[in-house]
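Asks: Note that this note's numbering gives residue 495 to position 354 of the first sequence, counting from 1, and the numbers run on in steps of one. Note that beta-carbon positions come from the ideal geometry of N, C-alpha and C, so glycine has one too. One structure coming up, written as structure tokens, with questions to follow.
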Amino acid sequence: MTPRSPLQRLRTVLDDAVLNVTGGERPKAAPTLERPKQAAHGDYATNAAMLLPKIVGAAPPMIAERLSVALTEYLGDDLESIETAGPGFLNLRLSDRWLAGALADVLAAGGAYGGGGATTPEAVHLEFVSNNPTGPVHIGGARGAAFGSSLANLLTFHGHRVHREYYVNDHGNQVELFGQSLQARARGEEPPEEGYQGGYVAEVAARIPDAATRPVAEVATEGIALMVAAQKASLETFRTTFDRWFSENALHQPRGEDVSEVQEAFDVLAEQGRTFEQEGALFLRTTDLGDDKDRVLVRSDGRATYFASDVAYHHAKRTRGYDRVINVLGADHHGYVARIEAAFEALGGTREQIELLITQFVNLFDGGERVKMSKRAGEFVALDDLVEDIGVDAARWYLLARSHDTTIDLDLAEAREQSAENPVYYVQYAHARIRSILARAEAGETTTADPGDGAVAPSERELSLALLAWPDEVAEAADRRAPHRIATYALSLARGYSAFYRDCPVLAAGLPDDVRARRLDVCRATATVLASALAILGVDAPDRMDREDAVEA
RNA sequence: GCGCCCGUAGCUCAGCUGGAUAGAGCGUCGGUCUACGGAACCGAAGGUCAGAGGUUCGAAUCCUCUCGGGCGCGCCA
142 MTPRSPLQRL RTVLDDAVLN VTGGERPKAA PTLERPKQAA HGDYATNAAM
192 LLPKIVGAAP PMIAERLSVA LTEYLGDDLE SIETAGPGFL NLRLSDRWLA
242 GALADVLAAG GAYGGGGATT PEAVHLEFVS NNPTGPVHIG GARGAAFGSS
292 LANLLTFHGH RVHREYYVND HGNQVELFGQ SLQARARGEE PPEEGYQGGY
342 VAEVAARIPD AATRPVAEVA TEGIALMVAA QKASLETFRT TFDRWFSENA
392 LHQPRGEDVS EVQEAFDVLA EQGRTFEQEG ALFLRTTDLG DDKDRVLVRS
442 DGRATYFASD VAYHHAKRTR GYDRVINVLG ADHHGYVARI EAAFEALGGT
492 REQIELLITQ FVNLFDGGER VKMSKRAGEF VALDDLVEDI GVDAARWYLL
542 ARSHDTTIDL DLAEAREQSA ENPVYYVQYA HARIRSILAR AEAGETTTAD
592 PGDGAVAPSE RELSLALLAW PDEVAEAADR RAPHRIATYA LSLARGYSAF
642 YRDCPVLAAG LPDDVRARRL DVCRATATVL ASALAILGVD APDRMDREDA
692 VEA
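Okay, structure coming up:
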């Protein structure tokens, strides 16, 4: 049982005030309680009064007055001031005492603060990356990896149980083609016209004993195994791990006495009356479920399609007992969404249980110059190259700081820059700086800085309120599958800390003990939340940084 | 042609299940400072939120259309 956050408790009070004014009826939409854009509008603003005219039978400003009376009574000393403004907003300003109490709650929760807020925790199956096992993880896979792994971190922190899975396409023509390409290289020949041309093919071939003379199928199998191992290593370096690497090929194999999972899925679909035969091929009638054409499961020559595998895979996901299935796909697969959703429903699932998230493309630039990529010739930027160039932290940050829905123009020259001009280092620096101050505080150090009057400065208040918003930020980001919000928040928190740092000396000699303690609390809470945010992003939160560390990163 | 995504400051992008005067980073210009970590801080300039209608007390946000860009439309995977 997670203790309720200070903001949640405030919401409850607001809710009570609303019920008091309406005589027990709630508005359709929950009232907002948010930080206003302008400081002059107080610590929090609520639109509650504007939601109630129909229920109360009065104008918003009038209702706001009544809410104000109720809130003043309920909040007592916690409330410093309250006023109605504009079309009916209520602006609240909380007392310093309330703020200190709220911060104490944050510190008591420690690293768990802001987490565990999911109202209905779910068992989530999350599939992402699923790069073809015939080559290294490329830039598109890198984005999928960053997004998927961070989403998994985020959902887990929010209180869900997440199973991370990588779907290995180790079945079909491409495997055959990969085997042929490997063998050709092993014999010192060119790969087939439609084969794999990349330089890595020869390297992989060299690691397979007798690749030039063994059956192609064996060469292919070993090649795939080597590629999967290489991908696993690349992704682990990129702080992306999976609970399971799910083999497509396994779906096609009989399981002891039982038929294959592909056959089992076909049987389920047939029972549901979702399939039909035409011109010797087996079709799934996806048009009944929103797709624009029916899809082939088994070709007229008897071979199953890639789609058949995917249908079986989703049958497996369904029967494994998850509340929700999320697939992260690259933009080039968005045409696939309708048929997967249709298949999932045909298998007995519901639309609410499956989500297909599309990550858009990444365009790479270097100092403004477009980095050319040709997949055809096997010349594409691999995840390993990206990591080597700009480091894991910067790579993850730049791929995560933007919505998965928008195309990213990533300039490597900028991302490479290891200075405060780079947002990722700016955030890390803020964390390191706080940890350094906390270490000095523990050692009992003081400084000669001017202690000032010890009052709660606007920037201290601002930072504290920002910390109190963390649980909301997590909930919003998780519910909207939007880890980039965490990055945005982390950056603004780092900025907020800079302002606090400027105005509020923490270690100044002559600072009253209670003020020093209060400011150290702010520092501790900020460090904790920054560390949580960075952990969700999979970005390191260092205790110290210097140029040498930065170069290694 | 049809479908999905996108169009917000010079550049890269937040903000989008409706709220008050649209934000950040970079870049540009101008400042601060013997600094509890200077990888710092402060300030300024910079916007028809692609365009046009509509819904609403209120629209960057919702609806429709237009324009522009990306991607996808196989018995390939």
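Would you decide whether Asp442 is buried or exposed? Buried here means 16 or more other CB atoms lie within 10 Å of its CB.
Replies: Flag for Asp442 reads exposed.
Asks: Roughly how far, in whole angstroms, is the beta-carbon of Phe379 from the beta-carbon of Tyr307, given that I think they are within contact range, below 8 Å?
Replies: 13 Å between Cβ atoms; not a contact.
Asks: Should Val400 go down as buried or exposed, given a rule of 16 or more other Cβ atoms within 10 Å for buried?
Replies: The residue is exposed, with fewer than 16 neighbouring Cβ atoms inside 10 Å.
Asks: What does a CB cutoff of less than 7 Å around Met191 pick up in its chain, not counting 5 residues either side in sequence?
Replies: So the qualifying residues of the chain are Pro201, Pro228 and Gly229.
Asks: Would you call the segment 281 to 289 and the segment 310 to 320 touching, i.e. three or more CB-CB distances under 8 Å?
Replies: With the cut-off at 8 Å, the segment 281 to 289 and the segment 310 to 320 do not touch.
Asks: Give the DSSP bridge partners of Tyr566, in chain order.
Replies: None; Tyr566 has no bridge partner.
Asks: Mind pulling the alpha helix (DSSP H) runs of 4 or more residues that sit fully within the segment 363 to 448?
Replies: DSSP runs (the alpha helix (DSSP H)) wholly in the segment 363 to 448: 389 to 392 and 402 to 412.
Asks: Below 8 Å, how does it come out for the segment 626 to 634 and the segment 662 to 674: are there three or more Cβ pairs, yes or no?
Replies: Verdict: yes, contact present.
Asks: Taking 8 Å as the cut-off, decide whether the C-beta atoms of Leu652 and Pro599 are in contact.
Replies: Cβ distance not < 8 Å, so Leu652 and Pro599 don't count as in contact.
Asks: With the cut-off set at 8 Å, would you say Pro262 and His301 are in Cβ contact?
Replies: Their beta carbons are under 8 Å apart, which means Pro262 touches His301 by this criterion.
Asks: Is the beta carbon of Asp157 sitting closer than 8 Å to the one on Leu235?
Replies: No, they are not a contact pair.
Asks: Between Val452 and Ala391, is the Cβ-Cβ spacing less than 8 Å?
Replies: For Val452 and Ala391, no; Cβs fall outside 8 Å.
Asks: Give the range of the beta strand (DSSP E) segment to which Ala186 is assigned.
Replies: Ala186 -> beta strand (DSSP E) spans Tyr185 to Thr187.
Asks: What residue does the beta strand (DSSP E) around Leu231 start on, and which one ends it?
Replies: Start and end: Phe230 to Leu235.
Asks: For Thr354, does the count of other Cβ atoms within 10 angstroms reach 16, so buried, or fall short, so exposed?
Replies: Exposed is the call here.
Asks: Let me confirm a value: Lys513 is counted as buried when at least 16 other C-beta atoms fall within 10 Å, else exposed. Which label applies?
Replies: Exposed.
Asks: Within the chosen definition, does the segment 612 to 629 reach the segment 541 to 553 through at least 3 CB pairs nearer than 8 Å?
Replies: The segment 612 to 629, when compared against the segment 541 to 553, does touch it at the 8 Å Cβ threshold.
Asks: Beta-carbon within less than 8 Å of Thr427's beta-carbon, same chain only, minus the 5 sequence neighbours each way: which residues are those?
Replies: Within the same chain, Thr427 has close Cβ partners Lys434, Asp435, Arg436, Ala479, Arg480, Ala483, Ala484 and Ala487.
Asks: Look up Ile349 in the DSSP assignment and say whether it is helix, strand or coil.
Replies: The answer is coil: DSSP assigns Ile349 none of H, G, I, E or B.
Asks: Going by alpha carbons, who is nearest to Leu579 out of Asp550, Leu609 and Leu648?
Replies: Comparing Cα positions, the closest option is Leu648.
Asks: Put Arg626 into one of helix, strand or coil per three-state DSSP.
Replies: Correct three-state label for Arg626: helix.
Asks: Decide if the segment 263 to 277 is in contact with the segment 165 to 180; the criterion is three or more beta carbon pairs, one per stretch, under 8 Å apart.
Replies: The segment 263 to 277, when compared against the segment 165 to 180, does not touch it at the 8 Å Cβ threshold.
Asks: Where does Tyr254 fall in DSSP's three states?
Replies: Three-state DSSP puts Tyr254 in coil, outside helix and strand.
Asks: Over the uninterrupted beta strand (DSSP E) stretch that includes His304, give me the two end residues.
Replies: Looking at the DSSP string, the run of the beta strand (DSSP E) that includes His304 is Arg302 to Val309.
Asks: Tell me the DSSP secondary structure of Leu540 in three-state form.
Replies: Residue state, collapsed to three classes: helix.
Asks: Note down, in chain order, each residue of its chain lying with its Cβ closer than 7 Å to the Cβ of Glu586, except the 5 sequence neighbours on either side.
Replies: Result list for Glu586: Leu648, in chain order.
Asks: Quick one: grab the DSSP three-state call for Arg581.
Replies: Helix at Arg581.
Asks: Helix, strand or coil for Asp613, going by three-state DSSP, please let me know.
Replies: It is helical.
Asks: Count the other CB atoms, across all protein chains shown, that sit within 10 Å of the CB of Ala658; report buried if there are 16 or more and exposed otherwise.
Replies: So Ala658 counts as exposed.
Asks: Where do the ends of the beta strand (DSSP E) carrying Leu267 lie?
Replies: Ala264 to Glu268 is the extent of the beta strand (DSSP E) around Leu267.
Asks: Is the number of C-beta pairs between the segment 194 to 213 and the segment 242 to 253 that are closer than 8 Å three or more?
Replies: Taking 8 Å as the limit for Cβ pairs, the verdict is that the segment 242 to 253 does not touch the segment 194 to 213.
Asks: Going straight from the alpha carbon of Val692 to that of Ala556, what length do you get?
Replies: The predicted position of Val692 is uncertain, since its pLDDT is 40 and thus under 50; a value taken from the coordinates is nonetheless stated next. Approximately 13 Å, taken between the alpha carbons.
Asks: Can you list, in chain order, the residues of its chain whose CB lies under 7 Å from that of Glu221, leaving out five sequence neighbours each side?
Replies: So the list reads Arg234, Leu235 and Ser236, once near-sequence residues are dropped.
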